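Colleague:
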Ligand SMILES: [Zn+2]
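Numbering (the UniProt record's numbering), first residue to last: 1 to 163.
#1: Distance, Cα to Cα, residue 32 vs residue 20?
#2: Any heavy atom of ligand 1 closer than 8 Å to the Cβ of residue 51?
#3: Can you check the stretch 86-156 for any beta strand (DSSP E) of at least 3 residues that lies completely inside it and give the ranges in chain order?
#4: What's the C-alpha gap between residue 65 and residue 97?
#5: Would you say the beta carbon of residue 83 is closer than 8 Å to some non-hydrogen atom of ligand 1?
#6: Residues around ligand 1, please: the ones whose beta-carbon is closer than 5 Å to some heavy atom of it, in chain order.
#7: Quick test of the definition: if touching needs 3 or more C-beta pairs under 8 Å, does the stretch 96-111 touch the stretch 141-155?
#8: Go through the stretch 5-85 residue by residue and report every complete run of the beta strand (DSSP E) that reaches 3 residues or more, in order.
#9: Going along the chain, which residues of its own chain have a beta-carbon closer than 6 Å to the beta-carbon of residue 59, five neighbours each way excluded?
#10: Are the stretch 70-77 and the stretch 43-50 touching, with three or more C-beta to C-beta distances below 8 Å?
#11: Among 15, 120 and 130, which has the Cα closest to the Cα of residue 92?
#12: Please report how far the alpha carbon of residue 108 lies from the alpha carbon of residue 124, in whole angstroms.
#13: Is it buried or exposed for residue 143, if we count other Cβ within 10 angstroms and need 16 for buried?
Quick look at the structure:
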């Protein structure tokens, strides 16, 4: 491993330059780099490809678009009719994004019972959190960058009270 100094707009950065003797060495290094960053290698049950999952919580299927069906494998798992194959069904509570969903769901129910919001607004709010939750489960970019923002309770009510 050779440290390399690169200058960019007057600032210098130290980077690593790594040479590999063969592809296998590179793949092994990449794998361990993944582990270092807390990712686990897992084999997708649907497309049989390996992918890094970000937690150990039952993420059985990858989020790569499955070329055969044109949707991510994680989506196929939830909608097995896409392939007509029977999949192990993932339970809602298995999802990484469930805790936040449950938290918002409880708040919406509580606010409804306290009559803070009408039944109509509450139903719309519930629809919104379901929508965001489902999206987070099939779209990793969304899950990582937007899900928590969209799940902000004040934003949800704001959206639910439109029109
Ligand atoms: Zn897959």
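For every residue, glycine included, the Cβ atom is placed at its ideal position computed from N, Cα and C.
Since this is a predicted model, take the numbers as computed values, not measurements.
Modeller: In brief:
#1: Between residue 32 and residue 20, the alpha-carbon positions lie close to 15 Å from each other.
#2: Within the cutoff, so yes.
#3: For the stretch 86-156, not a single whole beta strand (DSSP E) run of length 3 or above is found.
#4: Distance between the alpha carbons of residue 65 and residue 97: 20 Å.
#5: Residue 83 Cβ: outside cutoff for every heavy atom of ligand 1.
#6: Per the CB criterion, closer than 5 Å to any heavy atom of ligand 1, the qualifying residues run in chain order as 44, 46, 47, 62 and 73.
#7: Touching, yes.
#8: Every beta strand (DSSP E) of 3 residues or more that sits fully in the stretch 5-85 is shown, in chain order, as 11-17, 40-43 and 50-53.
#9: Setting aside the 5 residues that flank it on each side, residue 59 is surrounded in the same chain by 53, each with a C-beta closer than 6 Å to its C-beta; the list follows chain order.
#10: Touching, yes.
#11: For residue 92, the nearest C-alpha among the options comes from 130.
#12: In a straight line, the C-alpha of residue 108 is about 10 Å away from that of residue 124.
#13: That one is buried.
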